[in-house]
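Engineer: Numbering-wise, the sequence shown is residues 1153 to 1618 according to my numbering. Backbone N, C-alpha and C fix where the C-beta goes; we use that ideal spot for every residue, glycine too. Remember, predicted model here, so these are calculated numbers, not experimental data. One structure, pasted below without further comment.
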Amino acid sequence: MHMDLLAGLNDSQREAVTTEGGPLLVLAGAGSGKTRVITRRIAYLIRERGVAPGTIIAVTFTNKAAREMMERVAQLLGLPEEMMSPWSTGAPRLSTFHGFCLRLLRREAELLGYRSGFVVYDADDSKGLIKACLKELQIDDKTYPPGRVLARIGEAKDHLRTPKQVLEASGDLAAETMGKLYLRYQQRLRQANAMDFDDLIMKTLELFRDHPERREEHAGRCRHLLVDEFQDTNRSQYRLVRELSSVHGNVCVVGDEDQSIYRFRGADITNILNFEKDFKGTRLVRLERNYRSTRNILAAASAVVANNSERIGKTLYTEEKGGDLLTLFQAGTERDEAAWVLDEIRRMEREDDMALADVAILYRANFQSRPLEEALTRSRTPYVIFGSVRFYERREVKDILGYLRLLHNPDDDMALVRILNVPARGIGKTSLEALDRLRRERGSSLFAALRDAVDEEIFSARQHSS
């Protein structure tokens, strides 16, 4: 027996799920059930409108959100979760922006001069390559810190600017140096048959520009495009949305201009503010009922966000009760703040019989946790920090992956640098610099230079035997 896909939806949610034909902008306030709307819309298109699952693309920003989307759609359709995997033939493509582009580029890489088995560098790999480029170009890493250089290159890619364009637009020595670093960084990536995360979207758009027949094919296959957290898209992601929806025009974006908090990562609020202007005939649906918060919390939040001048506008309401009043404590120092937080926890334990496991402390940035942790530790209050090192970011896991990456792609210089002394082989900084000189002299990969060094007995007997 099929589940009623519209059951339990309010009028606005039902409109967002069933509206078809052309662009749709869903302004979804906090706690208004946007994930429910997106997943129900996908299931509705498949079951009630007979849309082929493989012609639906839904993109979001995190793997967790993409997995949740897959699980919910599978449950709504009564299908095994594995049938919703974007790798499954004929399944809707539910993934992150980068995941979607990665799968597309695996099939099209050779048109861009890459092999299909290209690797994707993470932030650590990219920073290591930037350090190598700085050394190669004899640029001081104190004046040009690798992290800052990488951020500037990422910003250029978000705005779809190539190294050539950056160099041509440079008006001073610093800008010219940055352009040279960007150029060398891209050359080294290409030599290693590697891309970084920002390349995935930029190279997809490059493919569509240089091979319009591929653009027509992929856009033609996309009969319905859905985008979650649209307020957090940057310029390149917005361009990708336009390209993919260029044939059928059925694009549904869901977002909240009041929750745009990633401008430091390149998010462009004008993408959602100008959507109706850029996509003619847009239908606008507002999800204004909040299911998550009490009236007091919602009233306080609404009073703050009303000062936001960059918004389309919506009025959130809730049918929940008033709830507890909010307390504002203005501390003189961070230590005073931490002490007050600890006192409040003790009060809730004592007066409200509150368990510690039911208490959460939120802070804006990671550096703000230190005084809180110190206060909790001194008082011997047990706590757990969420957001610790992820599995694939652990050193030992990265070391093993380094070996696997090198086996898969011998041109991956950063993988070789990572595992060259794991386990310890006595290959120090001097030997590594000699190896890099040999690589440059012969125009080869680091691995090829290493083989030559072994054959030519450049390394010591101990290094050779290890």
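1. Give me the Cβ distance between leucine 1302 and lysine 1287, rounded to the nearest whole Å; I'm assuming they're in contact under 8 Å.
2. Three or more C-beta pairs closer than 8 Å, one from the segment 1324-1344 and one from the segment 1226-1236: is that the case here?
3. Can you tell me which residues form a DSSP beta bridge with leucine 1439?
4. Leaving aside the five residues before and after leucine 1590 along the sequence, list all residues of the same chain whose C-beta is less than 7 Å from its C-beta, in chain order.
5. By how many angstroms is the C-alpha of arginine 1592 removed from the C-alpha of leucine 1598?
6. In whole angstroms, what separates the C-alpha of threonine 1200 from that of methionine 1155?
7. Indicate whether the contact test is met: 3 or more Cβ pairs, each with one atom in the segment 1444-1456 and one in the segment 1417-1424, closer than 8 Å.
8. Compute the beta-carbon to beta-carbon distance between arginine 1258 and serine 1268, rounded to the nearest angstrom, for a pair I have assumed lies under 8 Å.
9. Comparing C-alpha positions only, which one of Glu1496, Leu1514, Tyr1515, Arg1516 sits nearest to alanine 1507?
10. Give a yes or no on contact between the segment 1205-1223 and the segment 1361-1381, applying the rule of three or more CB pairs nearer than 8 Å.
11. Excluding the 5 residues flanking tyrosine 1196 on each side, which residues of the same chain have their C-beta closer than 6 Å to its C-beta?
12. Quick one: Cα of leucine 1264 to Cα of leucine 1359, how far?
13. Going by the DSSP bridge assignment, what does serine 1247 pair with across the sheet?
14. Let me confirm a value: histidine 1560 is counted as buried when at least 16 other C-beta atoms fall within 10 Å, else exposed. Which label applies?
15. Name the two residues that bound the continuous alpha helix (DSSP H) containing leucine 1285.
16. Identify whether histidine 1311 lies in helix, strand or coil by the three-state DSSP scheme.
17. Between leucine 1553 and valine 1574, what straight-line distance do the alpha-carbon atoms span, to the nearest angstrom?
18. For a quick check, are the C-beta atoms of leucine 1179 and aspartate 1408 less than 8 Å apart?
19. So, using beta-carbon positions, are cysteine 1253 and leucine 1352 closer together than 8 Å?
20. Excluding the 5 residues flanking arginine 1224 on each side, which residues of the same chain have their C-beta closer than 6 Å to its C-beta?
21. What is the residue span of the alpha helix (DSSP H) that glycine 1554 lies within?
22. Does the beta-carbon distance from aspartate 1348 to tyrosine 1469 come in below 8 Å?
23. Roughly how many angstroms lie between the CA atoms of arginine 1313 and asparagine 1386, to the nearest whole one?
24. Using a Cβ-Cβ cut-off of 8 Å (strictly less than) and excluding sequence neighbours within five positions of tyrosine 1390, which residues of its own chain qualify?
25. Here's a check: name, in chain order, each residue in its chain whose Cβ is nearer than 7 Å to the Cβ of serine 1628, leaving out the five neighbours to either side.
26. Please look up how many angstroms separate the CB atoms of leucine 1319 and glutamate 1307, rounded, as I've assumed it's under 8 Å.
Structural biologist: According to the structure data:
1. Translated into the one-based positions of the sequence shown, residue 1302 becomes position 150. Translated into the one-based positions of the sequence shown, residue 1287 becomes position 135. In fact, because the Cβ distance is near 15 Å, the residues do not count as touching under 8 Å.
2. no
3. Within the sequence shown, residue 1439 is the residue found at index 287, counting from 1. Beta-bridge pairing links leucine 1439 to Ala1180.
4. Counted from its first residue, the sequence shown places residue 1590 at position 438. Excluding sequence neighbours, leucine 1590 sits near Ala1601, Asp1604, Ala1605.
5. Counting from 1 along the sequence shown, the entry for residue 1598 is found at position 446. Counting from 1 along the sequence shown, the entry for residue 1592 is found at position 440. If you take the alpha carbons of leucine 1598 and arginine 1592, they lie about 9 Å apart.
6. Numbered from its first residue, the sequence shown carries residue 1200 at position 48. Numbered from its first residue, the sequence shown carries residue 1155 at position 3. Looking at the sequence shown, residue 1200 is not threonine but glutamate. Taking the straight line joining both Cα atoms gives about 11 Å.
7. no
8. The sequence position of residue 1258 within the sequence shown is 106, counting from 1. The sequence position of residue 1268 within the sequence shown is 116, counting from 1. 6 Å between Cβ atoms; contact.
9. Looking up residue 1507 in the sequence shown gives position 355. The shortest C-alpha separation from alanine 1507 is found at Glu1496.
10. Flag = yes, the segment 1205-1223 and the segment 1361-1381 touch.
11. Within the sequence shown, numbered from 1, the residue matching residue 1196 stands at position 44. Around tyrosine 1196: Leu1157, Val1169.
12. Reading the sequence shown from its first residue, position 112 is the one you call residue 1264. Reading the sequence shown from its first residue, position 207 is the one you call residue 1359. So the two alpha carbons sit approximately 7 Å from each other.
13. The count along the sequence shown starts at 1 and reaches residue 1247 at position 95. Beta-bridge pairing links serine 1247 to Val1211.
14. Residue numbering aside, residue 1560 sits at position 408 when the sequence shown is read from its first letter. Per the 10 Å Cβ criterion, exposed.
15. Residue 1285 sits at position 133 when you count from the first residue of the sequence shown. The question names leucine, but residue 1285 is cysteine in the sequence shown. Note, cysteine 1285: alpha helix (DSSP H), 1275-1288.
16. The residue labelled residue 1311 in the question sits at position 159 within the sequence shown. Correct three-state label for histidine 1311: coil.
17. Residue 1553 sits at position 401 when you count from the first residue of the sequence shown. Residue 1574 sits at position 422 when you count from the first residue of the sequence shown. Annotation: leucine 1553 to valine 1574 spans about 12 Å, alpha carbon to alpha carbon.
18. Against the sequence shown, residue 1179 aligns to sequence position 27. Against the sequence shown, residue 1408 aligns to sequence position 256. In this structure, aspartate 1408 lies closer than 8 Å to leucine 1179 by Cβ.
19. Your numbering for residue 1253 matches position 101 in the sequence shown. Your numbering for residue 1352 matches position 200 in the sequence shown. The answer is yes: Cβ separation under 8 Å.
20. Reading the sequence shown from its first residue, position 72 is the one you call residue 1224. These residues qualify, in order along the chain: Thr1191.
21. Position 402 of the sequence shown, counting from 1, holds the residue named residue 1554. Counting along the chain, the alpha helix (DSSP H) containing glycine 1554 begins and ends at 1547-1560.
22. Translated into positions along the sequence shown, residue 1348 becomes position 196. Translated into positions along the sequence shown, residue 1469 becomes position 317. The answer is no: Cβ separation not under 8 Å.
23. The sequence position of residue 1313 within the sequence shown is 161, counting from 1. The sequence position of residue 1386 within the sequence shown is 234, counting from 1. Whole-angstrom Cα-Cα distance: 13 Å.
24. The residue you call residue 1390 lines up with position 238 of the sequence shown. Around tyrosine 1390: Asp1420, Asn1423.
25. With the chain running from 1153 to 1618 in the structure shown, residue 1628 is simply not present.
26. Numbered from its first residue, the sequence shown carries residue 1319 at position 167. Numbered from its first residue, the sequence shown carries residue 1307 at position 155. Not a contact, Cβ separation roughly 15 Å.
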